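Asker: If you scroll down you'll find the structure; I have some questions about it.
In the numbering used here, the protein residues as written are 765 to 1354.
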């Protein structure tokens, strides 16, 4: 009785162990068939396998069937199938995969990044790409970037232009004093430059023998005319009148005043000097006369400038000329007279560009009643350009200038920004910090005024990603395949899973670079063929022979040991017959 109970307690555990082993073998065969076929076991319509994941960890993703780090068979994830672990995430469409530390490192299938980190899926509503080129950024990120915005305004638009000017004489108020008769300077009334003179004040006296003889001729002509006028002969009277007139004209051409000629005619007193008077009120700026010197007719003796009005020469860049026109009001300040502002006007805009300076010369005119403005001084000039009524303007810092086009980012709210191309005109406004918009914007819209270059980079990146995804869909390339070099954003192929039978769990997570499609197909075919053909266990006491380059296959033996390599070995038989030889060896060994 005791022996029967003992047998009973021994048989039951063995029976349970046998049943468990049979269930494991059946489950392994079923899972292997499902893995190799890539289709559901219920015989439904074939679906495309997107990737493989661990049953216990949905973030452990592979691009080929095998085992997870826990030694469990990987579960295939088909297209259109929602993973049981995260159904809410799979309701969104995955556009691409990116590295956690580098958003520009993009892949078209899950896997590992170049730093060995798991790739992060980017869903359709997270990519920032919308219709019309609108990009979306997380509001927290927008706040951290310091994004600021300003409204598009419609207002009267002008520009304040600042430049430096130099004060000069008013050339319309410059006077040259010269003598129309040769002689000697008998007396000089103005002895140095800078003397102020008034109109009619004496400058100098000139002694001229020619002047003395002409006065004598004039007195004779006067006496002759008086005698002929009483003769009653018309011809004699006419000749006397012509002689008197020609002599008088000669004195007048020498600028002898009419009063002096009449006094000469009345008194008959001849003067040996002629007096030169100031033609206008002003300041003597040049003096070439020296008392006692001989001068010739036409020689410049004095230059007098009327400083009650001065010119200011200013230069403006060619892009500032459209704002300037003759008659515009202009303001001027002097650094050595702070707090005082002088008002003038634009007198003339020169019709040419100075080649060396690449600027346009503009002449300004200012009143100078107190003679504070002196020629040669430098001044700060401020000109208010002509006004453009009801112009549409935006801050200049909001415009991203690429050379070929001008872009602004229109704020759409909730972290959305629309890049929009615009046409711009003149720059101006307060502190010249605005630009006129010709087309592309509407009054009241908000545009980004800071961090727009980061938005521009994001826009270009997402544009390239969208182009890549569009090209990928057009080519209908399988997931995980490398993209062509023509893609704007190069896709890095995902890494393949290491040997699933590796004992090192960490090693099972490492991946090698993707192989060409032809090798991948051959690898899958080998997996299927190996799964279809059951492997034969090796002989009980057989030891594998070390590989040799020219070794013949040794005959099967029950207690066979590795044969030493022959000195003159011949090539091994072709690979296609190796399976038959192995089967024969296994049969003999059995």
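All C-beta atoms in this analysis are idealised placements derived from N, C-alpha and C, irrespective of residue type, glycine included. Just so we're clear, the structure is a prediction, and the values are computed from it rather than from any experiment.
Return yes when the Cβ of residue 1124 is within less than 7 Å of the Cβ of residue 1085, no when it is not.
Answerer: As a first step, residue 1085 must be located in the chain shown, where it is residue number 321. As a first step, residue 1124 must be located in the chain shown, where it is residue number 360. Contact flag set, yes.
Asker: With a Cβ-Cβ cutoff of 7 Å, do residue 918 and residue 1192 count as a contact?
Answerer: Translated into the one-based positions of the chain shown, residue 918 becomes position 154. Translated into the one-based positions of the chain shown, residue 1192 becomes position 428. No; because the gap between Cβ atoms is not below 7 Å, this pair is not in contact.
Asker: Looking at C-beta atoms only, is the number of pairs between the segment 1030–1041 and the segment 956–974 that lie closer than 8 Å three or more?
Answerer: yes
Asker: With a Cβ-Cβ cutoff of 7 Å, do residue 911 and residue 1215 count as a contact?
Answerer: For the purposes of this step, residue 911 is taken as the residue at position 147 of the chain shown. For the purposes of this step, residue 1215 is taken as the residue at position 451 of the chain shown. Yes. Within cutoff.
Asker: With which residues is residue 1155 paired in a DSSP beta bridge?
Answerer: Counted from its first residue, the chain shown places residue 1155 at position 391. The partner list for residue 1155 (beta bridge, DSSP) reads 919.
Asker: Are residue 1172 and residue 1186 closer than 7 Å when you measure CB to CB?
Answerer: The residue given as residue 1172 occupies position 408 in the chain shown. The residue given as residue 1186 occupies position 422 in the chain shown. Result yes, Cβ atoms of residue 1172 and residue 1186 sit closer than 7 Å.
Asker: Who are residue 1002's beta bridge partners in DSSP?
Answerer: Numbered from 1 along the chain shown, position 238 holds the residue referred to as residue 1002. Looking at the DSSP assignment, residue 1002 forms no beta bridge with any residue, so it has no partner.
Asker: Touching or not, the segment 1056–1075 and the segment 934–950, by the rule of three or more beta carbon pairs under 8 Å?
Answerer: yes
Asker: In the DSSP output, what is residue 1364 paired with across the bridge?
Answerer: Past the boundaries of the shown model lies residue 1364; the chain is included only from 765 to 1354, so the question cannot be answered.
Asker: In or out: residue 1355 buried (at least 16 other Cβ within 10 Å) or exposed?
Answerer: The question about residue 1355 has no answer here: the residues shown for the chain are numbered 765 through 1354.
Asker: For residue 1120, which three-state DSSP category applies?
Answerer: The sequence position of residue 1120 within the chain shown is 356, counting from 1. Reduced to three states, the DSSP call for residue 1120 is coil.
Asker: Determine the burial state of residue 827: buried for a count of at least 16 other Cβ atoms within 10 Å of its Cβ, exposed for fewer.
Answerer: Within the chain shown, the letter at position 63 stands for residue 827. Buried is the call here.
Asker: Using a 10 Å radius around the Cβ and a threshold of 16 neighbouring Cβ atoms, would you call residue 1190 buried or exposed?
Answerer: Stepping through the chain shown from its first residue, residue 1190 is reached at position 426. It counts as buried.
Asker: Are the CB atoms of residue 1121 and residue 927 nearer to each other than 7 Å?
Answerer: As a position in the chain shown, residue 1121 is number 357, starting the count at 1. As a position in the chain shown, residue 927 is number 163, starting the count at 1. Not closer than 7 Å, so no.
Asker: For residue 995, which three-state DSSP category applies?
Answerer: Position 231 of the chain shown, counting from 1, holds the residue named residue 995. Judged by DSSP in its simplified three-state form, residue 995 adopts coil rather than helix or strand.
Asker: For residue 991, I'd like the list of residues in its chain whose CB is within less than 8 Å of its CB, leaving aside the five on either flank, ordered along the chain.
Answerer: The residue labelled residue 991 in the question sits at position 227 within the chain shown. Only 1004 meet the Cβ criterion.
Asker: Which same chain residues, not among the five before or five after residue 1000, have their C-beta less than 8 Å away from its C-beta?
Answerer: Position 236 of the chain shown, counted from the first residue, corresponds to residue 1000. Within the same chain, residue 1000 has close Cβ partners 992.
Asker: Classify residue 945 as buried or exposed, calling it buried when 16 or more other Cβ atoms lie within 10 Å of its own Cβ.
Answerer: Within the chain shown, numbered from 1, the residue matching residue 945 stands at position 181. With 16 or more Cβ atoms within 10 Å of its Cβ, residue 945 is classed as buried.
Asker: Please report the straight-line C-alpha distance between residue 985 and residue 1012, rounded to a whole angstrom.
Answerer: On the chain shown, position 221 is the one that residue 985 refers to. On the chain shown, position 248 is the one that residue 1012 refers to. Approximately 9 Å, taken between the alpha carbons.
Asker: Name the one or two DSSP bridge partners that residue 924 has.
Answerer: For the purposes of this step, residue 924 is taken as the residue at position 160 of the chain shown. DSSP output for residue 924 lists 1148 as bridge partner(s).
Asker: Measure how close the beta-carbons of residue 750 and residue 1046 come, nearest whole angstrom, since I'm counting them as under 8 Å.
Answerer: This structure cannot settle anything about residue 750, because the visible part of the chain is limited to 765 through 1354.
Asker: Taking a contact to mean a Cβ-Cβ separation below 7 Å, would you say residue 1184 touches residue 1208 in this structure?
Answerer: By 1-based counting over the chain shown, the position of residue 1184 is 420. By 1-based counting over the chain shown, the position of residue 1208 is 444. Not in contact: residue 1184 and residue 1208 (Cβ atoms no closer than 7 Å).
Asker: So the beta strand (DSSP E) residue 1043 belongs to, where does it begin and stop?
Answerer: The sequence position of residue 1043 within the chain shown is 279, counting from 1. According to the DSSP assignment, residue 1043 belongs to no beta strand (DSSP E), since it is labelled neither H nor E.
Asker: Check whether the segment 867–885 and the segment 901–911 are in contact - that is, three or more C-beta pairs closer than 8 Å.
Answerer: Counting C-beta pairs closer than 8 Å gives fewer than three between the segment 867–885 and the segment 901–911, which falls short of the contact rule.
Asker: With residue 952 as the anchor, note down where its beta strand (DSSP E) starts and where it stops.
Answerer: Taking the first residue of the chain shown as 1, we reach residue 952 at position 188. Start and end: 947–952.
Asker: Please confirm if the segment 1099–1108 is in contact with the segment 1130–1145, defined as three or more CB-CB distances below 8 Å between the two stretches.
Answerer: yes
Asker: Mind checking whether residue 1390 and residue 971 have CB atoms under 7 Å apart?
Answerer: Nothing about residue 1390 can be reported from this structure: the residues present for the chain run from 765 to 1354 only.
Asker: Whole-angstrom Cβ separation of residue 1030 and residue 957, contact assumed at under 8 Å?
Answerer: On the chain shown, residue 1030 is found 266 positions in, with the first residue counted as 1. On the chain shown, residue 957 is found 193 positions in, with the first residue counted as 1. At roughly 39 Å, the Cβ-Cβ gap does not stay under 8 Å, so residue 1030 and residue 957 are not in contact.
Asker: Between 1055, 1201, 1110, 1018, which lies nearest to residue 1152 when the distance is taken from Cα to Cα?
Answerer: Numbered from 1 along the chain shown, position 388 holds the residue referred to as residue 1152. The candidate whose alpha carbon is nearest that of residue 1152 is 1201.
Asker: Which same chain residues, not among the five before or five after residue 894, have their C-beta less than 6 Å away from its C-beta?
Answerer: As a working note, residue 894 is residue 130 in the chain shown. Residue placement at residue 894 is flagged as unreliable, the pLDDT there being 49, under the threshold of 50; the coordinate-derived value follows with that caveat. No residues qualify anywhere along the chain.
Asker: Hey, residue 1094 and residue 1128: beta-carbon distance below 7 Å or not?
Answerer: Position 330 of the chain shown, counted from the start, is the residue given in the question as residue 1094. Position 364 of the chain shown, counted from the start, is the residue given in the question as residue 1128. Contact: yes.
Asker: Cutting at 7 Å between CB atoms, please list the residues of its own chain near residue 1073, excluding the five before and the five after it.
Answerer: On the chain shown, position 309 is the one that residue 1073 refers to. These residues qualify, in order along the chain: 934, 937, 1129, 1131, 1132.
Asker: Sort out for me which residues DSSP pairs residue 1058 with in a bridge.
Answerer: Translated into positions along the chain shown, residue 1058 becomes position 294. DSSP, once it has assigned bridges, lists 948 as partnering residue 1058.
Asker: Could you tell me if residue 1100 is buried or exposed, where buried requires 16 or more neighbouring beta carbons within 10 angstroms of its beta carbon?
Answerer: Within the chain shown, residue 1100 is the residue found at index 336, counting from 1. It counts as exposed.
Asker: Can you name the start and end residues of the beta strand (DSSP E) that residue 840 belongs to?
Answerer: In the chain shown, the residue the question calls residue 840 occupies position 76. Element bounds for residue 840: 839–842.
Asker: Would you list the one or two residues that DSSP bridges to residue 970?
Answerer: Position 206 of the chain shown, counting from 1, holds the residue named residue 970. According to DSSP, which records beta bridges pairwise, residue 970 is partnered with 949, 1038.
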